[in-house]
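Only one structure is covered here, and it is reproduced in the block below.
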Amino acid sequence: MSHEIPNQKAPCRAKYGNPPAVLSDLKSELLLKSDSSRMKANTHDTFPHVSDWNNLNVLHRNTVSPRPLLFLSEGRHANPQSAFAGSADPGMPAHLFQCLSGLWKFQHSSSPFDKQDAFWDTKYDTSAWDTIQVPGMWQLQGFGKGPQYTNFNYPWPVNPPHVPHDQNECGRYVTEFQITAEASSYSHSIRFEGVDSSFSVWVDGRYVGYSQGSRNPSEFRLTKSQHQPGLHVVAVEVYQRCDGSYLEDQDQWWLSGIFRDVWLLAMPENGPIDIFTKTLFRGQDYTKATLQVQLKFESCAPREVELQLYDDRGVNLLKYQKTEVGRDCNFGGNCYQTIEMTVEDPMLWTAETPHLYMLVISTSDSHISQSIGFRQVSFIDGVFSINGSPIKLRGVNRHEHHIDFGRAVPYENMRRDLMLMKKYHINAIRTSHYPNSSQLYEVADQLGFYVIDEADLECHGFETVSNHPEKYTSDNPEWKAAYVDRAEGMVLRNRNHPCIIMWSLGNESWYGRNHQVMADYIRKVDDTRPIHYEGDQEARTADIMSRMYPHPDDVERFAREPGWEKPLVLCEYAHAMGCGPGAIKEYVELFYKYPRLMGGFVWEWANHEYLMLSSKQGLRMKTSDGKDKIGYGGDFGDDPNDSNFVLDGLCDSFHEPGRGLIEYAKAIEPVQCTGFDGKTVEIINHYDFLTLDDVTCRWSINTEANLSKSPTHHGFAMVPKGIKPHSKGDIVLQNLPLLDGPEEEAYLDLDFQISHPDPNSLQESLTRSIGHGQFKIKDSPKKPEILASLGASVPGLILCERNGRYLDIHAEGYSSWQIDMANGALSSWKLSDSQELFGGPLTIGFYRALTDNDRLSAFGHHWKEKRLHQAKHHMQKVEYSDGLQEVCSVTVTGRFAPPVLDWGIDIITVYSFTFQGVSIKVTGMPRGPVPDSVPRIGLDAVLNDIGRVNWWGRGPSTSYRDMKESQYFGHWEMDMTDPPTDSVLEYPQESSNHTDVRWVTFRTRHNCGGANPRIKASFRALEGASFSAKRLKEEDIDTALHRHELEEKVTKETHVRLDWAHNGVGTGSCGPATLPQYQLRISEGVMFEFSVDLIGLKDT
1 MSHEIPNQKA PCRAKYGNPP AVLSDLKSEL LLKSDSSRMK ANTHDTFPHV
51 SDWNNLNVLH RNTVSPRPLL FLSEGRHANP QSAFAGSADP GMPAHLFQCL
101 SGLWKFQHSS SPFDKQDAFW DTKYDTSAWD TIQVPGMWQL QGFGKGPQYT
151 NFNYPWPVNP PHVPHDQNEC GRYVTEFQIT AEASSYSHSI RFEGVDSSFS
201 VWVDGRYVGY SQGSRNPSEF RLTKSQHQPG LHVVAVEVYQ RCDGSYLEDQ
251 DQWWLSGIFR DVWLLAMPEN GPIDIFTKTL FRGQDYTKAT LQVQLKFESC
301 APREVELQLY DDRGVNLLKY QKTEVGRDCN FGGNCYQTIE MTVEDPMLWT
351 AETPHLYMLV ISTSDSHISQ SIGFRQVSFI DGVFSINGSP IKLRGVNRHE
401 HHIDFGRAVP YENMRRDLML MKKYHINAIR TSHYPNSSQL YEVADQLGFY
451 VIDEADLECH GFETVSNHPE KYTSDNPEWK AAYVDRAEGM VLRNRNHPCI
501 IMWSLGNESW YGRNHQVMAD YIRKVDDTRP IHYEGDQEAR TADIMSRMYP
551 HPDDVERFAR EPGWEKPLVL CEYAHAMGCG PGAIKEYVEL FYKYPRLMGG
601 FVWEWANHEY LMLSSKQGLR MKTSDGKDKI GYGGDFGDDP NDSNFVLDGL
651 CDSFHEPGRG LIEYAKAIEP VQCTGFDGKT VEIINHYDFL TLDDVTCRWS
701 INTEANLSKS PTHHGFAMVP KGIKPHSKGD IVLQNLPLLD GPEEEAYLDL
751 DFQISHPDPN SLQESLTRSI GHGQFKIKDS PKKPEILASL GASVPGLILC
801 ERNGRYLDIH AEGYSSWQID MANGALSSWK LSDSQELFGG PLTIGFYRAL
851 TDNDRLSAFG HHWKEKRLHQ AKHHMQKVEY SDGLQEVCSV TVTGRFAPPV
901 LDWGIDIITV YSFTFQGVSI KVTGMPRGPV PDSVPRIGLD AVLNDIGRVN
951 WWGRGPSTSY RDMKESQYFG HWEMDMTDPP TDSVLEYPQE SSNHTDVRWV
1001 TFRTRHNCGG ANPRIKASFR ALEGASFSAK RLKEEDIDTA LHRHELEEKV
1051 TKETHVRLDW AHNGVGTGSC GPATLPQYQL RISEGVMFEF SVDLIGLKDT
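Residue numbers (full-length UniProt numbering): 1 to 1100.
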């Protein structure tokens, strides 16, 4: 035998010591087929002649009933502290379990019928095979045709339950494990936490079984000979597709392989093989609870069972001992026993107070620990409640994704995701659209999250081929067993976790009889949680109403319906694709306003790009400056594909927070300011269980005149005690200064933080900053026009004279300008006849590079149809006066219009030049069938040698009129020498706007003549003015398909937009487009007007 299995083993993705546990072997009488869901078979020495992966009658062969991942520990008592930490107990010996993750031998073939050697035979030589990382996806390790992304289309001919034999790649895996003499006293099982899409297993050359259902675990009992002392060989054949793949059509990448951990588990002879815990409460005050523990044993032999309950400090609170368990069993071979323990004044588990206890279950040969959270889900007068109190779900949808490893997400990355969510005030997760790795639920229990656990079920692709897509599987009785199997695997693995507050029957699978059967099964095995399913639009089966991407007006109408009985959750909303989402606050405000609304889950947590590989060895492709190239649908030769629709997250593909996450966090922050009367600030506590007794408030005053980074006025304010959840309170600010000096616009900022975070509380350390408010306390005086202010401050005359094609304007010793008489544009500006500030003409602009929400909505199509991207200004005449004058006024008349079409906007631009600058006033009159709306109205400029940008307005990050609540008024700065593409989104598009800006200053990169010339653009007191600055051309951004494509198109010049107004971003890529109040609409015959002052400054 020559396998040469590498010795290298990767750290297992699981954290030991805090395993989940469940109980039940109820074989559903709901299934029509006789045990077809877990089909038994005789031992095979060869590959089964019938393809199980294409046979709806075979879901599993020889698997044990679904159960949680149970780890045994040695010693009379397990270590409760290790269990709370979610890490391995150092005293836990390896003979009780082994993680088989690491490097396996691997062979890839294009079909299960290719290379049909008996590779499972112990004598088979695999020394020439490749190696592969387990867990992992083979496409991301350089094998096969590469990953493929579709939103919902099946990438094979639709003919359920059959998948093509010639489009079904196959991966063959081989590894070894060692059984010690000590371990051989136990029987063993081998457990696969996740394999996509189906697989067959052999151990020591003997057939063990088959299983499918990619995101549910599969466990097989080994025979006596397979756990004898010595070296044993595991061989696994994984099939890219199976009949179950029709039910796994989630909006994500099609990837294959053993993508979760593989375990070798010791099975106790006398200990429980399954556990199910319930926390039940007596009365309405939640001061007395019953901990109900249901145990499942393999046999009914009498045994002694001891239960001990520890608090989170490791203090033993209760001990229960029962002898001769198992005498009264009437369930055949298995034995079920229920034990109840009374707990006085339990600390309740919520997402804000995730108190956990540890239950240790001991028998003569096993010790198992299980975390316990005392928590109850209920409806009070139809309102969704936890522990008797209404809550709001401030959630996200989360796919399992890692840019290197696909769905094989390392534990530390998953945990980082959840810690980031906590930091940004998220309290709920929908496991879209399948059960996640078991470790996620452990971390959610510990950190505090409400989880909707979703079955591994989506068959959205049938929509493409039929007007009645439900007929294929959801309403087809032939698929009943397959549907129930997916519910069974999810519930029986996960139902001990307090974080799970609802079961979901899947996603976008229409509605049919099989969903009802799933729900019936779930209610039989777990009566403690409600059922969710958005496809059940009338909630005939589900316990709550659910909707995707409704308009805020529709949500409010739903919330106001009289006589409602079931609450509403938005299982998907605020589609976070590209630059967006806009108008988040409109939804969140409705959630807080109406009791019927449970809250919602933003789609989605993170983008899903992958690193692009250049060879079978998985070498990364690099850009010209050495950065990794990342790709989306279509970049891997995958066809069909849905392009960049997979880039729709609040975080980027590296799971770094994006602008959408910052905006969402602002909308759902626990403490929000609702009013200010000059001395008293009204706040509201949006926590569901916590008071604000441990919260402090720091205030500061931010003025336009104070250019330093430190506020001149600041202090602390007392937050009153006893502000209960969902209640308001007043904060009285003492010693606020009177701003009657030279200050211009001024704002009061308030920052709320947990005052004394418990160093042992991860909950508090992650959420120290819990709110920020800002109020305007002094208006900006109406700024006089540049003609008066600058003309008076720098006396002198302006010379205006024609010079061939150009009109020259000189302010001797200070500034000189040129207007191109051919197009009427201001084309040159020099300070002191030195450096040229302009790198191109100043032009009228109405277009922006389309965002995803523009491009995939009616707005983008309309703007393209109206050829806005091709429209430009056409000069008709230029009027001016020659000679010396105090103010040189130049009037340009023209028409902004596109090719081909007959609409246009008559434009009159008046330039008024003084010694120090120019005031520009633009008047527009739309004519003809103009667009209903435009992306923006403003000026486009190209500036030379800009190194830094400073502004007074909202910042520090980008903002739009419907996406600006998280950006605050202040003095902000941007370094234009930073790599320009770093700020570009993964799919290039408009993403650089800063709104509600009063003025912006552009400082040159180098000193010139001892000075540091600047241009200051002032919008005066105009509300809603915006600017953007980037070293990329708008047309290059608009046509680029990847960020790395722009690296060779970076310009030395800075491209600037100075906008009077702009269209919001909305969520039109999947959901409501820009709401009416945020649209920039124009109409024929309705004039618009705006002004901007450009000031040349020479002081440093």
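Cβ atoms here follow ideal geometry from the backbone N, Cα and C, with glycine treated the same way.
Tell me which residues share the same chain as residue i and place their Cβ nearer than 6 Å to its Cβ, disregarding the 5 neighbours each side in the sequence.
i     : result
E879  : T891
D25   : Because the pLDDT at D25 is just 39, under 50, the model does not fix this residue reliably, and the point stays unresolved.
S1091 : K921
V1086 : none
For residue i, which residues does DSSP report across the bridge?
i     : result
I770  : Partner(s): none; I770 has no beta bridge.
G729  : I683
L356  : Looking at the DSSP assignment, L356 forms no beta bridge with any residue, so it has no partner.
M548  : E572
K322  : V305
F1002 : V949 and I1015
G196  : Inspection of the sequence shows that residue 196 is occupied by Asp rather than by Gly. Answer by DSSP bridge pairing, in chain order: G257.
T473  : In DSSP, T473 forms no bridge with anything.
K622  : D628
Look at the Cβ atom of residue i, then the Cβ atom of residue j, and state whether they are nearer than 8 Å.
i    : j     : result
L457 : Y483  : yes
M974 : A1029 : yes
Y594 : G406  : no
I531 : M502  : yes
T528 : K278  : yes
I770 : P670  : yes
Return the residue from the list the options that minimises the CA-CA distance to residue i.
i            : options                   : result
V163         : E193, N55 and I361        : N55
N436         : R398, S466, K422 and D404 : R398
L1046        : Q989, D996 and S65        : Q989
residue 1103 : F259, L222 and P147       : Residue 1103 cannot be examined here, being either before or after the span of the chain that is shown, 1 to 1100.
Q774         : L100, D749 and E682       : D749
E704         : K566, P929, I777 and L690 : I777
F297         : K278, N316 and D274       : D274
L247         : L59, H861, D114 and E176  : L59
K422         : Y434, D445, H402 and S438 : D445
N216         : Q228, F199 and S815       : F199
For residue i, I'd like the list of residues in its chain whose CB is within less than 8 Å of its CB, leaving aside the five on either flank, ordered along the chain.
i    : result
A822 : R805 and M875
G991 : According to the sequence provided, residue 991 is Ser. The question's Gly does not apply to it. Once the five neighbours on either side are set aside, the close Cβ partners of S991 are G578, C579, R659, T851, T958, S983, V984 and L985.
M137 : P147, D196, L255, S256, G257, F259, F405, G406, R407 and A408
E744 : T703, E704, A705, K778, S780 and P781
R76  : Only weak support exists for where R76 lies, its pLDDT of 48 falling under 50; the value from the coordinates is given anyway. The answer, listed in chain order, is S362 and H367.
N42  : At N42 the pLDDT is 35, less than 50, meaning the model places this residue with poor confidence and gives no usable figure here.
Leaving out five residues on either side along the sequence, give the residues of the same chain with a beta carbon under 7 Å from the beta carbon of residue i.
i    : result
D820 : R805, Y806, S827 and P841
E352 : G448, Y687, D688, F689 and L690
V491 : W503, I522, V525 and D526
W120 : W202, G205 and A235
N641 : Q148, Y149, T150, G633 and G634
Self-check item: Three-pair Cβ contact test at 8 Å for the segment 383–399 versus the segment 357–372
Solution: no
Exercise. Mind the definition here: the segment 679–697 touches the segment 646–662 only if three or more C-beta pairs lie below 8 Å; say whether that holds.
Key: Using a C-beta cut-off of 8 Å, the segment 679–697 makes no contact with the segment 646–662, since fewer than three inter-stretch Cβ pairs fall below that distance.
Self-check item: Three CB pairs or more closer than 8 Å across the segment 655–670 and the segment 413–423
Solution: yes
Quiz item: So, do the segment 189–207 and the segment 224–239 have three or more beta carbon pairs nearer to each other than 8 Å?
Solution: yes
Quiz prompt | Given 8 Å, three or more beta-carbon pairs between the segment 953–969 and the segment 579–589 | solution = yes
Practice problem: Report yes or no: do three or more beta-carbon pairs, one from the segment 853–860 and one from the segment 904–911, lie closer than 8 Å? | Solution: no
Practice problem: Evaluate contact between the segment 1050–1069 and the segment 561–578, counting only Cβ atoms and requiring at least three cross-stretch pairs below 8 Å. | Solution: yes
Quiz item: So does the segment 335–346 actually touch the segment 479–497, counting three or more Cβ pairs closer than 8 Å?
Solution: no
Quiz item: With contact counted as at least three CB pairs below 8 Å, one residue from each stretch, are the segment 1049–1058 and the segment 940–959 in contact?
Solution: yes
Quiz item: Is the segment 108–123 in contact with the segment 166–174, if contact means three or more CB pairs nearer than 8 Å?
Solution: yes
Self-check item: Stretch pair the segment 533–552 + the segment 1023–1041: three plus CB contacts closer than 8 Å
Solution: no
Quiz item: Between the segment 910–919 and the segment 882–899, are three or more C-beta pairs nearer than 8 Å?
Solution: yes
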